[in-house]
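Count along the sequence shown starting at 1, add 95, and that's the number in the numbering used here.
Glycine included, each C-beta is placed from N, C-alpha and C at the ideal position.
Everything below concerns the one structure shown next.
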Amino acid sequence: MARKLVNSTYITLDGVVEGPHLWPPLPLGSAAEHEDVQAETLKTCDVLLMGRRTYDVFAPVWPTRSDPFATRLNEMRKVVASRTLTDPEWANTEVFSTGVAERVAALKAESGGDIIQYGVGSVTRLMMEHGLLDELTLWVYPQFVRGTAADLLFEPDVAATLDLIGTRGLSNGIVVLRYAVRSADVA
């Protein structure tokens, strides 16, 4: 069976996906619940796919942590789609600088666990354009953060049909929505 490419993205009620670390904090006491859901997703995955911006945010942070989630990320195979990154320092990281869609398609055809991608950007758009994204998990935060058009989930030229395959409400008001991608069209 082929691997699935699963995207997991935080989004506010007003559609903002950029800079979740800058959003107002939610009530405390839900970290363990949040981590449990993240760990549940990650346990089926053995490859982390990123663009350069996500790599630049993740690479300095995760290797310094020792919690189970960080340990899992640090041990995983990591693939960065980038034309500019040449010597990644994060362990088990390789760079796809050309033919990204074709190389991800080949990666999906390999045996192994699923492929996880965090956040939305040009890599996600490319995956949708080539029909490679299988699932989209949206962590809907109960906030409006006054984002700009550049902060939104997708550009106006992306159309997709999704099937809801799971929901979970967290005690801090976040709702986790899991969708299977039935079809996607990028103009």
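Residue i burial status per 10 Å Cβ neighbour count (16 or more: buried)
{"i": "E170", "result": "exposed"}
{"i": "G214", "result": "buried"}
{"i": "S177", "result": "buried"}
{"i": "I260", "result": "exposed"}
{"i": "G114", "result": "exposed"}
{"i": "T181", "result": "exposed"}
{"i": "L159", "result": "First, the amino acid is wrong: residue 159 is Thr here, not Leu. Its Cβ having fewer than 16 others within 10 Å, T159 is exposed."}
{"i": "T188", "result": "buried"}
Start and end residues, alpha helix (DSSP H) containing residue i
{"i": "R172", "result": "Per DSSP, R172 belongs to no alpha helix (DSSP H); it is in the beta strand (DSSP E), R172 to A176."}
{"i": "F239", "result": "Looking at the DSSP string, F239 is not in any alpha helix (DSSP H), and its letter there is neither H nor E."}
{"i": "E135", "result": "A126 to L137"}
{"i": "T149", "result": "R147 to F153"}
{"i": "T219", "result": "S217 to E224"}
{"i": "A196", "result": "V195 to A204"}
Own chain, CB closer than 8 Å to residue i, minus 5 neighbours either side, in chain order
{"i": "L257", "result": "L231, Y274, A275, V276 and R277"}
{"i": "T262", "result": "V270, V271, L272 and R273"}
Which listed residue (the options) has its alpha carbon closest to that of residue i
{"i": "A165", "options": "L108, W185 and G261", "result": "W185"}
{"i": "L108", "options": "S266, A255, K203 and V240", "result": "V240"}
{"i": "T179", "options": "M222, G146 and L265", "result": "G146"}
{"i": "V175", "options": "T219, T136 and P163", "result": "T219"}
{"i": "Y150", "options": "P163, E135, V190 and L121", "result": "V190"}
{"i": "G110", "options": "S266, L265, R263 and P237", "result": "P237"}
{"i": "F153", "options": "T136, E128, H116 and T139", "result": "H116"}
{"i": "P163", "options": "P155, V156, A134 and R148", "result": "A134"}
{"i": "V200", "options": "L228, N102 and L137", "result": "Sequence inspection shows Ala at residue 200; the Val mentioned does not correspond to that position. That would be L228, whose Cα lies nearest to the Cα of A200."}
{"i": "S206", "options": "N102, S217, T139 and A255", "result": "T139"}
{"i": "P183", "options": "R148, S217, T136 and L202", "result": "R148"}
{"i": "V101", "options": "P155, L202, A204 and T136", "result": "T136"}
Cα-Cα separation between residue i and residue j, rounded to whole angstroms
{"i": "V132", "j": "A126", "result": "10 Å"}
{"i": "V253", "j": "E130", "result": "30 Å"}
{"i": "W118", "j": "G242", "result": "10 Å"}
{"i": "D141", "j": "K99", "result": "11 Å"}
{"i": "G208", "j": "R198", "result": "16 Å"}
{"i": "P120", "j": "A255", "result": "31 Å"}
First through last residue of the beta strand (DSSP E) which encompasses residue i
{"i": "E230", "result": "E230 to Y236"}
{"i": "S103", "result": "L100 to T107"}
{"i": "D258", "result": "V253 to G264"}
{"i": "E189", "result": "T188 to F191"}
{"i": "I210", "result": "D209 to Y213"}
Contact set for residue i: own chain, Cβ-Cβ below 6 Å, skip 5 residues either direction
{"i": "L143", "result": "M171, K173 and I211"}
{"i": "V112", "result": "T104, I106, V215 and L248"}
{"i": "W234", "result": "Y105, I269 and V271"}
{"i": "L67", "result": "This structure gives no information on residue 67, because the portion of the chain shown stretches from 96 to 282."}
Residue i CB to nearest heavy atom of the ligand ATP below 7 Å
{"i": "R98", "result": "Looking at this structure, you won't find the ligand ATP or any other ligand, since it has none at all."}
Cβ neighbours of residue i in the same chain (closer than 7 Å, five flanking residues each side left out)
{"i": "E312", "result": "Nothing about residue 312 can be reported from this structure: the residues present for the chain run from 96 to 282 only."}
{"i": "S192", "result": "S177 and R178"}
{"i": "L221", "result": "V195 and A196"}
{"i": "S217", "result": "G146"}
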